[in-house]
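First residue of the sequence shown? That's 708 in this note's numbering, and the numbers climb one at a time after it. Note that CB positions come from ideal geometry on N, CA and C, so glycine has one too. Okay, so here's the structure we're looking at.
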Amino acid sequence: MNLIFLGPPGAGKGTQASMLSVALKIPQISTGDILRSAVRAGTTMGVRAKSFMDSGSLVPDEVVVGIVAERLQDDDCTKGFILDGFPRTVAQADALSEVLAGLGKQIEHVISITVDDEELLSRISGRRMCAKCGKGYHLQFDPPKVPGVCDNCGSNLYQRDDDKVETMRKRLDEYYLKTAPLIDYYSAKNMLRTISGIGAIEEIQQNILKGIEGS
Ligand code: ADP
Ligand code: ADP
Ligand code: ZN
Numbered sequence: 708m709n710l711i712f713l714g715p716p717g718a719g720k721g722t723q724a725s726m727l728s729v730a731l732k733i734p735q736i737s738t739g740d741i742l743r744s745a746v747r748a749g750t751t752m753g754v755r756a757k758s759f760m761d762s763g764s765l766v767p768d769e770v771v772v773g774i775v776a777e778r779l780q781d782d783d784c785t786k787g788f789i790l791d792g793f794p795r796t797v798a799q800a801d802a803l804s805e806v807l808a809g810l811g812k813q814i815e816h817v818i819s820i821t822v823d824d825e826e827l828l829s830r831i832s833g834r835r836m837c838a839k840c841g842k843g844y845h846l847q848f849d850p851p852k853v854p855g856v857c858d859n860c861g862s863n864l865y866q867r868d869d870d871k872v873e874t875m876r877k878r879l880d881e882y883y884l885k886t887a888p889l890i891d892y893y894s895a896k897n898m899l900r901t902i903s904g905i906g907a908i909e910e911i912q913q914n915i916l917k918g919i920e921g922s
């Protein structure tokens with residue numbers, strides 16, 4: 708199954724996509740994770756992307772489209788994939804459908820996760836990430852068993868630079884301006900499955916499973 712997770716920063720895309728990836732045995736492709744790895748590795752792409760990410764702006768379309776076009780050709784994508792955080796602009800969505808057409812594939816469902824701004828801000832400010840495996844946590848809502856340590860791999864947790872208060876608002880503005888139009892874009896194509904992102908993580912996962920099975 709080929710899926711897209713759409714939603715504002717902090718909606719729970721990464722949390723839900725990683726659980727669904729295990730349940731459906733298909734890879735989660737997070738452009739945010741790929742870009743953060745490139746920044747850490749100091750690649751040319753990472754150096755270029757860093758200033759955009761630090762300021763809370765979107766990275767230019769051609770950079771992320773290139774990443775995804777390449778990643779979708781990997782063998783592990785043959786049975787399906789979950790795009791987490793891509794596309795984020797109408798231009799990216801158009802480019803994606805061209806890339807997929809070239810591969811003889813198409814998206815089956817776009818899962819749109821909705822959460823109000825106040826909740827998004829408290830989720831982003833309490834988010835912590837594993838420096839090694841990338842698993843996400845929340846200080847109050849989804850804490851690790853041992854404070855500051857990843858349940859999965861035992862590495863230290865850190866706060867993303869762009870999760871600081873100063874950049875959060877800018878990221879939400881970018882979302883409403885550039886990404887939210889994709890809700891109408893995919894709705895017009897009858898691909899949108901809207902899921903409330905408020906509630907227990909497990910319960911939201913069940914609703915997503917129902918949404919993709921029942922249609
Ligand atoms: P969040 O999970 O909070 O929405 P991500 O980890 O998906 O954040 O993205 C972090 C940053 O990486 C974004 O603010 C943006 O700068 C960049 N980024 C990730 N995906 C894309 C994309 N599809 N298009 C442009 N920029 C992106
Ligand atoms: P996104 O990838 O959309 O930016 P994340 O999956 O990283 O969002 O979730 C943002 C933050 O909110 C994380 O700290 C995560 O632990 C927490 N979170 C995720 N889902 C829920 C939920 N249903 N209720 C409360 N907190 C949540
Ligand atoms: Zn870890």
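Judged by DSSP in its simplified three-state form, T750 adopts coil rather than helix or strand. Beyond the five residues adjoining it in sequence on each side, K839 comes within less than 6 angstroms, by CB distance, of C860, S862 in the same chain, given in chain order.
Only buried fits V772, as 16 or more other CB atoms lie within 10 angstroms of its CB.
Separation of D868 and K877 (C-alpha to C-alpha, rounded to the nearest whole angstrom) is 13 angstroms.
Between ligand 3 and the CB of K852, the shortest heavy atom gap is not smaller than 6 angstroms. For I774, the enclosing alpha helix (DSSP H) stretches over residues 768-778. Rounded to whole angstroms, the separation of the alpha carbons of L846 and D801 is 37 angstroms. If you draw a straight line from the Cα of L884 to the Cα of K757, it is about 21 angstroms long. In the displayed model, I919 falls within a helix according to three-state DSSP.
Within the DSSP bridge table, the entry for D761 names no partner.
Taking G714 as reference, the option from K812, K732, P794, C784 with the minimal CA-CA separation is P794.
Assignment of M836 by DSSP, reduced to helix, strand and coil, places it in the strand class.
For G841 and Y892, the gap between their C-alpha atoms comes out near 30 angstroms. Between I818 and K812, the alpha-carbon positions lie close to 18 angstroms from each other. Distance from the C-beta of D858 to the nearest heavy atom of ligand 2 is not below 6 angstroms. Between I789 and G719, the CB-CB gap reaches or exceeds 7 angstroms. For ligand 2, no non-hydrogen atom lies closer than 6 angstroms to the CB of D880.
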